[in-house]
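Read through the structure below, which is laid out as structure tokens, and then see the notes.
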Amino acid sequence: MNRKLLKKIAAKTGFALLLAGILLFTVFPFYYAIVTSFKSGSELFDVTWWVSSFDFSNYLSVIGDGSFVGSIWNSVLVSFATVIIAMAFGLTAAYALGRVQFRGRSAVLMIVLGVSMFPQVAVLSGLFEVIRALDLYNNPLALIFSYTIFTLPFTVWILTTFMRQLPKELEEAAIVDGASPMTTLFKVFIPLMWPAMATTGLLAFIAAWNEFLFALTFTLTDDQRTVPVAIALLTGGSQYELPWGNLMAASVIVTVPLVLLVLIFQRRIVSGLTAGAVKG
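Numbering (the working numbering), first residue to last: 354 to 633.
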């Protein structure tokens, strides 16, 4: 009995230590960025683990930069537009792939999954030529177009998995009542799909908000750049100075909204991601 109790205590202790290690590994970089953002001058090179004084000069410097504030609005515009378009196409595609029986449906899903595995750099040159042919270079529409291409596959995959779990009786009842497929989708299925929609929408938003490669390649001027590129291009007083305080302050400013969104929708995210794990 004592041996079993010791094993149980050891298992719980080991799990707690593992959880603490993972939490420290994931949270500490963001925490240290917050600590560093309140330092200025020579204090930046002093290794301290706690905030000894609150110096908001770095935040004031970043916010006072008009181009950085403009890049935030560009990111907001591009991210929300990407989410809206991806969700619109994703929901209709998920209804077709999840509820309509047709030959080759599994093959289409495999193609969708395969497309999501392509690295960005593999299609960068081809996509750049498409952007130039459409005359969208240095235009937010170029980013919306490219981000939608890369967020749509996993959006369709998650929504299709969730769509398949909805009871067939709901659809049959709607058909008996004379509802069209679009009416069934928008008035019957979508109200039940909020967990999956919150998950896919938030993941698409985060992917668009944090994307760097396309934003760097398809934009040229400060008024069209998004936040990741604006942070990468922050410069100091000379070519030999790297403004660590401003970089950390800018990183905190653009990361806090994402953290808040995840905390607000965490339950819906978990339920959405596990929706297709167990077949009901």
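Backbone N, C-alpha and C define an ideal beta-carbon position, used for all residues, glycine too.
Every value quoted in this text rests on a predicted model; they were computed, and no experiment measured them.
Asked: The region 505-520 / the region 438-448 touching (three or more Cβ pairs under 8 angstroms); Found: yes
Asked: Nearest neighbour of A568, chosen from P382, L359, N427 [CA to CA]; Found: N427
Asked: Ordered list of beta strand (DSSP E) runs contained in the region 371-422, each at least 3 residues; Found: none
Asked: With 16 other Cβ atoms within 10 Å as the buried cut-off, status of L523; Found: exposed
Asked: Closest Cα partner of A439 within the set P506, F378, L477; Found: P506
Asked: Rounded straight-line distance, which links the Cα of P534 to that of T552; Found: 24 angstroms
Asked: Cβ contact (3+ pairs, closer than 8 angstroms) linking the region 576-588 and the region 412-424; Found: yes
Asked: Neighbourhood of V404 by C-beta distance below 6 angstroms, restricted to the same chain and skipping five residues each side; Found: V388, F391
Asked: C-alpha distance - A630 paired with L376, whole-angstrom precision; Found: In this predicted model, A630 has a pLDDT of only 47, less than 50, meaning its place in the structure is not dependable; the value taken from the coordinates is given anyway. Those two C-alpha atoms are separated by around 25 angstroms.
Asked: Best match in V380, A561, D530, L466 for proximity to F498 [C-alpha to C-alpha]; Found: A561
Asked: Nonlocal neighbours in the same chain, by C-beta distance under 6 angstroms from G451, ignoring five residues either side; Found: T513, M516, R517
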